[in-house]
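Report on the structure given below.
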Amino acid sequence: MLRFEFFILLVAVSCLYAAIRGGAPERITALLLLMAFILSLLLRSPHGSYTHVEVGIFLVDVGLFAALYLLSILSTRFWPIWMSGMQGVGVLAHCAILAPPVTPFAYAVMIDFWGYPMSVLLIVATRRHRLRLGRRGTDDPWVFSSARSGRPIPN
Amino acid sequence: MDIPATERLTQAQRVALRMFMERKTAKQIALELGITPKAVELRLKGARDVFGVATSAEAARLLAAADRQPTYRETLGGETEVADTVSLMLPIPIDSGSGHVGAAGDRKVLSEARTAFAHEPGRWLEGFEWPFPSKGDKRNDLSFGARLLWPILAIFAIGVSIGTLVICGSLLALAGTAVFRLLR
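Keeping their order, the protein sequence lines are chains D and W. The first sequence runs contiguously to residue 1198 in my numbering. The second sequence runs contiguously to residue 174 in my numbering.
This is the structure:
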C-alpha cells in the first residue's frame, strides 16, 4: 500500500506546485490530472481484478488524452506533446487487454504507471516556466494570444 | 570595385539582424545581448542604411540571401570580378513584397528569408519541426500540422520504447535464470 501512498503524494505535490507557480497550461493540467485521479478512484470497479476492460477508467483516460491533445495544439509549450503521448499509451493499454496474451498484471501496470512520469513532467514543466519567466519577464501561454510577446520592432 | 553590402555590415549589425530574423523583439534582443533596446534599434537602422532598404525585414532577407552563397569568394580564390557579380546577383527569385507596405508585406519577406536560412546547405535539418525546445527557440511555434501529428508520433515512440524495454528486460531475466541454473 506504500506505493499507492507515494503516488498520492507525488500527484498532490506536482498539482499543487503547478497550480500555484505554473502558467495557464500548467494550471489547467494540474486540474486535469487531479480530476482524472479522483474520477479513476471513484469509477474503478469495486473488486476490480483487471481481467477485463475497466470501462470507467478507460473513459476518464480518453477524456484526459483528448484534453492534453488539445493543450498540445493550443499552447506554446512542448511538454503537452509528450504528456499526451504518455496518456495515449495508457489509453492503448485498455485496447491491449482485449487481446488475449496480455495478463491482468501487465494491464494494471500499464494503466497505473503513466501517472508517475506525467506528474514528474508537470513539476519539470512548471519549473521551466518559472525559469523563462525569470529570464524574460513574460511567458506567453497560448499560440493564439500573440505572435510574440512584447512590442514589435519599429521599422 | 565596391565591397558587397553584406561585407560592410559590422558584426554587431549581423547579430542583430539574425536575431530579428528569429522573430525576437528589440527588447528581447537587448536582453540577450545585454544592451539597451535603443542600441538594438540603432544597429538595425545601421544595417538598413548599409543595404539601402526601408525595413529591417528587407535587410534581414538580403543578409539571408547572401548567406546562402557563403563560399563563392573562397572557392574562386579571393576577390575576383566574377565573385562580386555573383554575390551581388542574389539569385533567389523573391517577391520582396513591393507594393505591399507594412506588416503583411514584411511578414511575407520575413518568411521567405527564414526559408532561406533554414535551407542552408549542410543545415537542412534546421527546417525540421522537432517537438523539443531548442537552444535558440524555447517556445513551441510548430505549425498546426506538426502539432496534430507529434502527439500521435509520441504515442508510438513511447509505446515502442517501453515495449522494447519490456522485451529486453524479459530476455535478460530469462538469460539470467538460465545462467543461474547452469551454475548451480
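Idealized CB from N, CA, C, for every residue including glycine.
- Not flagged as an interface residue toward chain D: Phe118 of chain W, since no C-beta distance is shorter than 8 Å.
- Per DSSP, Ser160 of chain W is one residue of the alpha helix (DSSP H) stretching across Phe134 to Leu173.
- For the pair Gly1065 of chain D and Val1105 of chain D, the Cα-to-Cα distance works out to about 24 Å.
- Taking 9 Å as the Cβ-Cβ cut-off, the stretch 140 to 171 of chain W approaches chain D at Trp140, Pro141, Ile142, Leu143, Ala144, Ile145, Phe146, Ala147, Ile148, Gly149, Ile152 and Val156, given in chain order.
- Beta-bridge partners of Trp1185 of chain D (DSSP): D:Ser1118.
- Within a 10 Å sphere around the beta-carbon of Ile1051 of chain D sit fewer than 16 other beta-carbons, which makes this residue exposed.
- Within chain W, the residues placing a beta-carbon under 7 Å from that of Thr1119 of chain D are Arg129 and Asn130, ordered along the chain.
- Where Tyr1159 of chain D is concerned, the enclosing alpha helix (DSSP H) starts and stops at Gly1158 to Arg1179.
- Residues of chain D whose Cβ lies closer than 7 Å to the Cβ of Pro121 of chain W are, in chain order, Phe1121 and Ile1124.
- Within the same chain, Cβ atoms closer than 6 Å to the Cβ of Ser1083 of chain D are found at Ile1100 and Val1103, the five residues on either side in sequence being excluded.
- The beta-carbon of Gln18 of chain W is placed less than 8 Å from the nearest beta-carbon of chain D.
- Boundaries of the alpha helix (DSSP H) harbouring Arg38 of chain W: Pro27 to Phe41, taken from the DSSP string.
- Here DSSP, grouped into helix, strand and coil, assigns Thr45 of chain W to coil.
- Of all C-beta pairs linking the stretch 1124 to 1141 of chain D to the stretch 153 to 161 of chain W, fewer than three are shorter than 8 Å, placing the two stretches out of contact.
- The C-beta of Val150 of chain W has fewer than 16 other C-beta atoms within 10 Å across all chains shown, which makes the residue exposed.
- Legend: CB atoms of the stretch 1125 to 1156 of chain D lying less than 8 Å from CB atoms of chain W belong to residues Trp1125, Ser1127, Gly1128, Met1129, Gly1131, Val1132 and Leu1135.
- By the C-beta criterion, the stretch 1172 to 1183 of chain D is judged not to be in contact with the stretch 6 to 16 of chain W, since fewer than 3 inter-stretch pairs fall below 8 Å.
- Assigned with DSSP and collapsed to three states, Trp1125 of chain D falls in helix.
- Taking a 10 Å sphere around the C-beta of Ala168 of chain W, we find fewer than 16 other C-beta atoms and assign the residue as exposed.
- Contact between the stretch 1144 to 1156 of chain D and the stretch 1115 to 1128 of chain D is absent: fewer than three C-beta pairs spanning the two stretches fall below 8 Å.
- Straight through space, the alpha carbons of Ala44 of chain W and Arg(-2) of chain W are spaced by roughly 17 Å.
- Ranked by Cα distance from Leu1059 of chain D, the first of D:Pro1147, D:Phe1049 and D:Leu1076 is D:Leu1076.
- Around the beta carbon of Thr1094 of chain D, fewer than 16 other beta carbons lie within 10 angstroms, which makes this residue exposed.
- Looking at the backbone, the Cα of Val1056 of chain D and that of Pro(-6) of chain W are separated by about 59 Å.
- Residue contact check for Leu53 of chain W against chain D: no CB pair falls below 8 Å.
- The contact set of Arg1175 of chain D on chain W, defined by CB atoms closer than 8 Å, consists of Lys128 in chain order.
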